[in-house]
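Before any comments, here is the structure.
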Ligand SMILES: Cc1ncc(COP(=O)(O)O)c(C=O)c1O
């Protein structure tokens with residue numbers, strides 16, 4: 065809302081976390097969605113954004129490690145995004161919520177790219193790394209004028225974060241190095257368990273470089289992922305999020321969450337596999 069207005073366009077990835085749409089709707093701007101396709105490793109194709117849209121764009125959202133697909137960014141993508149932002153006068157907001165939940169290597173930061181601070185910011189919430197969902201504690205780093213606008217918006221809307229939560233956040237950031245690694249290792253083990261089980265039964269599943277999600281492609285015989293997720297819940301008592309809840313581009317997929325313990329997760333995945341198999345025959 066601080067960066068877009070009814071004359072402008074905001075570029076968003078799809079599929080994506082639902083939160084971006086809400087801010088865009090409240091600002092009155094138009095949303096233009098950048099499809100993230102499996103064949104492009106779920107990275108946006110910047111070349112595909114029409115000049116007429118670039119001319120009106122005020123802001124671009126990106127999010128890696130990516131909810132819901134678990135895809136990771138490359139520094140090369142961020143280098144190209146910085147250039148794109150500078151060339152077209154578009155502010156970039158990289159949502160780095162899952163910065164710490166990256167498995168094979170440290171997730172690259174948008175701010176590591178040269179001149180990134182001239183065009184954008186990176187935002188981070190403590191809710192993932194420190195299991196502080198609902199505590200409303202987050203911060204942004206990067207371009208000074210964007211931060212100034214954000215600060216004015218926050219001060220005049222939500223007013224700021226309760227002092228106790230600020231103290232807890234400071235403590236978490238200063239001291240929880242060991243626990244952060246433990247959390248990452250826990251999610252990695254659960255990710256491997258889920259992927260192994262699904263692949264053993266020849267289901268197509270993304271490798272998830274980070275986040276606590278796994279993105280599963282449904283067999284083609286399932287034409288409505290929302291209906292499937294509902295019937296899976298009612299009949300097999302397994303809760304997943306249908307891919308189309310993250311936008312049309314998510315149609316035909318399921319997002320599996322890794323936040324249950326390994327035994328619960330394995331049992332749920334086995335039930336899912338049994339349920340899915342009937343759609344293969
Ligand atoms: C990509 C992404 N960004 C932002 C958030 C918001 O996090 P919170 O509202 O807990 O700070 C989430 C939460 O699910 C998310 O997945």
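Numbering (the working numbering), first residue to last: 65 to 345.
All C-beta atoms in this analysis are idealised placements derived from N, C-alpha and C, irrespective of residue type, glycine included.
Given the structure is predicted, the values throughout are model-derived calculations rather than measurements.
So residue i and residue j are supposed to be a Cβ contact under 8 Å. How far apart are they, rounded?
i	j	result
residue 171	residue 122	Not quite, the Cβ-Cβ distance comes to about 26 Å (not below 8 Å), so this is no contact.
residue 277	residue 336	With 8 Å as the limit, residue 277 and residue 336 do not qualify as a contact, their Cβ atoms being about 14 Å apart.
residue 206	residue 149	At roughly 11 Å, the Cβ-Cβ gap does not stay under 8 Å, so residue 206 and residue 149 are not in contact.
residue 65	residue 87	6 Å
residue 255	residue 167	7 Å
residue 218	residue 224	7 Å
residue 347	residue 304	Since the first residue of the chain shown is 65 and the last is 345, residue 347 is not available in this structure.
residue 289	residue 317	7 Å
residue 299	residue 339	7 Å
residue 95	residue 85	7 Å
residue 14	residue 188	The chain is shown only over 65 to 345; residue 14 falls outside these bounds and no answer can be derived.
residue 175	residue 137	So it is not a contact: roughly 12 Å between Cβ atoms.
Can you find a heavy atom of ligand 1 that lies under 7 Å from the Cβ of residue i?
i	result
residue 81	yes
residue 189	yes
residue 127	yes
residue 298	no
residue 288	no
residue 164	no
residue 197	yes
residue 66	no
residue 273	no
residue 161	yes
residue 202	yes
residue 131	yes
Going by the CB atoms, is the gap between residue j and residue i shorter than 8 Å?
i	j	result
residue 146	residue 173	no
residue 160	residue 182	no
residue 292	residue 282	yes
residue 248	residue 165	yes
residue 250	residue 330	no
residue 314	residue 79	yes
residue 202	residue 190	yes
residue 93	residue 119	no
residue 346	residue 134	Residue coverage of the chain in this structure runs from 65 to 345, which leaves residue 346 outside it and unanswerable.
residue 113	residue 75	yes
residue 193	residue 244	yes
residue 144	residue 101	no
residue 253	residue 326	yes
Grouping DSSP H, G and I as helix and E and B as strand, with all else coil, what is residue i?
i	result
residue 83	helix
residue 164	coil
residue 191	coil
residue 176	helix
residue 90	helix
residue 223	coil
residue 125	strand
residue 319	strand
residue 276	coil
residue 147	helix
residue 64	Because the chain in this structure spans residues 65 to 345, residue 64 falls outside the shown range and cannot be described.
residue 282	coil
residue 138	coil
residue 184	strand
residue 78	strand
residue 288	coil
How do the region 254-274 and the region 125-140 stand: do at least 3 beta-carbon pairs fall below 8 Å, yes or no?
-> yes
Take every Cβ of the region 183-203, pair it with every Cβ of the region 308-317, and state whether three or more of those distances are shorter than 8 Å.
-> no
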